[in-house]
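K.L.:
Residue numbers (UniProt numbering), protein chains in the order written: chain C, 1 to 330; chain R, 1 to 268. Heads up, the beta-carbon is just placed ideally off N, CA and C, and yes, glycines get one too. The structure's right below; bear with me while I get my questions together.
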């Protein structure tokens, strides 16, 4: 904004426009020190109000349908309410109840297990695949990329339908196991209390590996070829090359991938709702599913809101935490 | 520098393995969709698709999805262009406070807002309307769109706006005639992403339209699953009907999908 540093330098043609529009504008607060004329918001914006006019419609919708409901959820969480009729203020007792609530504690535990499947496994797979695509001199790289990324664009309902059939007692997975003579492993995967959670988690691994791979590949493509040439000339194999060059240079991308996939693990409502409804028993319930179940099945809106607020805080904290750790110098 | 032949073969083997893993569930669904229904003769049965289309009421639910998607994409993109323009090219008081407030929206889970929204809109008699399904999704998309387009507008050379000012353009004219045309690829990416999120959205459509009159395609499929759990081939056919539009769009506009999902994530 070079024009406004001294009034004399202001182009003459813009001054009248401002004088005309700014004259009746008390909206401009005095900004501290005795100043020359305020600089214009941008070369084409003539009044101080212009930026707010462009911002207002977006902000109004965003505030009304995202920020305000979040505050309402915080408010709801302090009441005991069935969704109908009168509500009672109960302070923090919805939160205190969660501490001793078996379903909620199970949900948190399951979320941690799902993080392994949604974030850790895809990170390992993604690192290997991206390193191969970056360095392996692979033909038809585009096809591999497209195919492995494809699950990301398919609706989770469709994915749930597909995997339910795969996991069904007489589905392809069990058929394959029986064909291999592993009959003892065959089971109704989503109905088995021990197998259901890993089975749901595995869908997450399948889902997220393509996204993680492409994120890491974008980071790796910035590594100059000379660097790779140099270590190979030093006699390094693919493993040492990976550890010495590739891994350290995608720190940033690893952080982004972890933030995205951990949050996806915490928010995995669709898949749980559509494959197991949290069952068998409570074997696959997760925080986001608990929000729904409490509000619409148990008619306990206060408790649902408390879970929702805890979930939101968890997302915020993980975001901050992972980013902080990633920024710390190695 | 060439990698050894053995290493190269290994690489292909690993890639092929994971490509197969990624495709297997999709191929399973396609195979099942054309398989004979219970009591039918073996062979290919493409009529399953028509049958699923008819029984599942997909004409209707795809129609609802399209209406919701058009509303959400149009509103979210237009509003985000405005907000991105203000944050990306203008100096004003409060920008430093308001922009992080928009960024916050990238982290707010739908699970947290959907409960109060449902009860508040029910009080207003607005549940089971297109507005109830669309507005929460517009709000979510505005958070991303503002962030995305602010970065885009900031990356343009300031001389563009200065030249527009010399030509006597006002702020709206400079935006629609200069900045948006210069940012078309980024705007298209945003359109594609918001369209995909809206098309695939489940929770908001589930909660905000409980009567089922405005069932979107994913909900239509979920309902279908509830009714026809035994008919795997019809269910698979329904799944294909819901997924196909997005898969085709992805194959056509791959670069936009990938660029948006990667850069959108990395710039946070």
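State the CB to CB distance for the pair residue 179/C and residue 187/C, rounded to an integer number of angstroms; the pair is presumed to be in contact (CB under 8 angstroms).
P.N.:
In the first chain, residue 179/C corresponds to position 179, counting from 1. In the first chain, residue 187/C corresponds to position 187, counting from 1. The pair is not a contact, with the Cβ atoms about 16 angstroms apart (cut-off 8 angstroms).
K.L.:
Going by DSSP, what residue range makes up the alpha helix (DSSP H) through residue 179/C?
P.N.:
Translated into positions along the first chain, residue 179/C becomes position 179. Unbroken alpha helix (DSSP H) run through residue 179/C: 172-179.
K.L.:
Among 170/C, 205/C, 238/C, which one has its Cα closest to the Cα of residue 113/C?
P.N.:
Stepping through the first chain from its first residue, residue 113/C is reached at position 113. Checking every option, the nearest Cα to that of residue 113/C belongs to 205/C.
K.L.:
Any residues in the region 303-321 of chain C with a beta carbon nearer than 8 angstroms to a beta carbon of chain R? Which ones, in chain order?
P.N.:
Listed in sequence order: 304, 305, 308, 309, 311, 312, 315, 316, 319.
K.L.:
Does chain R have any CB closer than 8 angstroms to the CB of residue 88/C?
P.N.:
In the first chain, residue 88/C corresponds to position 88, counting from 1. It does not; no Cβ of chain R falls within 8 angstroms.
K.L.:
Under the three-state reduction of DSSP, which class applies to residue 228/R: helix, strand or coil?
P.N.:
Start at 1 with the first residue of the second chain, and residue 228/R comes out as number 228. In this structure, residue 228/R counts as coil in the three-state DSSP scheme.
K.L.:
Among residues of its own chain, excluding the 5 on either side of residue 104/C, which ones have a beta-carbon nearer than 7 angstroms to its beta-carbon?
P.N.:
Working through the first chain from its first residue, we reach residue 104/C at position 104. If we look at residue 104/C and ignore the five residues flanking it on each side, its Cβ neighbours are 98, 290, 307.
K.L.:
Roughly how far, in whole angstroms, is the beta-carbon of residue 120/R from the beta-carbon of residue 211/R, given that I think they are within contact range, below 8 angstroms?
P.N.:
Here residue 120/R refers to the residue found at position 120 when the second chain is read from its first residue. Here residue 211/R refers to the residue found at position 211 when the second chain is read from its first residue. Between residue 211/R and residue 120/R the Cβ distance is about 17 angstroms, and since that is not below 8 angstroms, they are no contact.
K.L.:
Is it right to say residue 88/C is buried, meaning 16 or more other beta carbons lie within 10 angstroms of its own, or is it exposed?
P.N.:
As a working note, residue 88/C is residue 88 in the first chain. So residue 88/C counts as exposed.
K.L.:
Under a three-way DSSP split, which group does residue 11/C fall into?
P.N.:
Taking the first residue of the first chain as position 1, residue 11/C is located at position 11. The pLDDT assigned to residue 11/C is 34, lower than 50, so where the model puts this residue is not dependable, and the model offers no usable value.
K.L.:
Would you say residue 70/R lies against chain C (beta-carbon separation less than 8 angstroms)?
P.N.:
The sequence position of residue 70/R within the second chain is 70, counting from 1. Not an interface residue.
K.L.:
Within the continuous alpha helix (DSSP H) that includes residue 226/C, where are the two ends?
P.N.:
Reading the first chain from its first residue, position 226 is the one you call residue 226/C. Start and end: 225-233.
K.L.:
Can you have a look at residue 140/C and say buried or exposed, based on whether 16 or more other CB atoms are within 10 angstroms of its CB?
P.N.:
Here residue 140/C refers to the residue found at position 140 of the first chain. With fewer than 16 other Cβ atoms within 10 Å, it is exposed.
K.L.:
Given that a residue counts as buried once 16 or more other Cβ atoms are within 10 Å of its Cβ, and exposed if not, what is residue 213/C?
P.N.:
Here the question's residue 213/C lines up with position 213 in the first chain. Counting Cβ neighbours within 10 Å, residue 213/C comes out buried, since at least 16 surround it.
K.L.:
If I'm right that residue 183/R touches residue 35/R with Cβ under 8 angstroms, what's the distance once you round it to whole angstroms?
P.N.:
The count along the second chain starts at 1 and reaches residue 183/R at position 183. The count along the second chain starts at 1 and reaches residue 35/R at position 35. Wrong, their Cβ atoms sit about 47 angstroms apart, outside the cutoff.
K.L.:
Specify, as a first and last residue, the run of the alpha helix (DSSP H) that residue 311/C falls within.
P.N.:
Taking the first chain and counting its residues from 1, one reaches residue 311/C at position 311. Run containing residue 311/C: 301-327, per the alpha helix (DSSP H) assignment.
K.L.:
Looking at the ligand NAD, does it come within less than 7 angstroms of residue 109/R, judged from the CB to the closest heavy atom?
P.N.:
In the structure on display, the ligand NAD does not appear, and there are no ligands present to speak of.
K.L.:
Under 8 angstroms between C-beta atoms, does residue 35/R make it to chain C?
P.N.:
Within the second chain, the letter at position 35 stands for residue 35/R. No, because no Cβ of chain C sits closer than 8 angstroms to the Cβ of residue 35/R.
K.L.:
Specify the secondary structure class of residue 3/C as computed by DSSP and reduced to three states.
P.N.:
In the first chain, counting from the first residue as 1, residue 3/C sits at position 3. Caution is warranted here: a pLDDT of 33 is assigned to residue 3/C, below 50, making its placement in the model unreliable, and the coordinate value is therefore given only provisionally. In the structure shown, residue 3/C sits in a helix (DSSP, three-state: H, G or I).
K.L.:
Do you know how far the Cα of residue 17/R is from the Cα of residue 155/R?
P.N.:
Residue numbering aside, residue 155/R sits at position 155 when the second chain is read from its first letter. Residue numbering aside, residue 17/R sits at position 17 when the second chain is read from its first letter. Going by the C-alpha atoms only, they are around 40 angstroms apart.
K.L.:
Establish whether the CB of residue 86/R and some CB of chain C are separated by less than 8 angstroms.
P.N.:
Along the second chain, one-based indexing puts residue 86/R at 86. Output row for residue 86/R: interface = yes.
K.L.:
Please give the ranges of any alpha helix (DSSP H) in the region 189-229 of chain R, keeping only runs that are unbroken, at least 4 residues long and fully inside the region.
P.N.:
Counting only runs of 4 or more, we get 203-208, 217-227.
K.L.:
Check each candidate in 43/C, 305/C, 304/C and name the one with the smallest Cα separation from residue 168/R.
P.N.:
Here residue 168/R is taken as the residue at index 168 of the second chain, counted from 1. It is 43/C.
K.L.:
Assuming residue 359/C and residue 256/C form a contact by the criterion Cβ under 8 angstroms, report the distance between their Cβ atoms to the nearest whole angstrom.
P.N.:
Outside the displayed range of chain C (1 to 330) lies residue 359/C, so it cannot be described from this structure.
K.L.:
Would residue 165/C be called buried (16 or more neighbouring beta carbons within 10 Å of its own) or exposed?
P.N.:
Along the first chain, read from residue 1 onward, the residue named residue 165/C stands at position 165. The residue in question, residue 165/C, is buried, as its Cβ has 16 or more Cβ neighbours within 10 Å.
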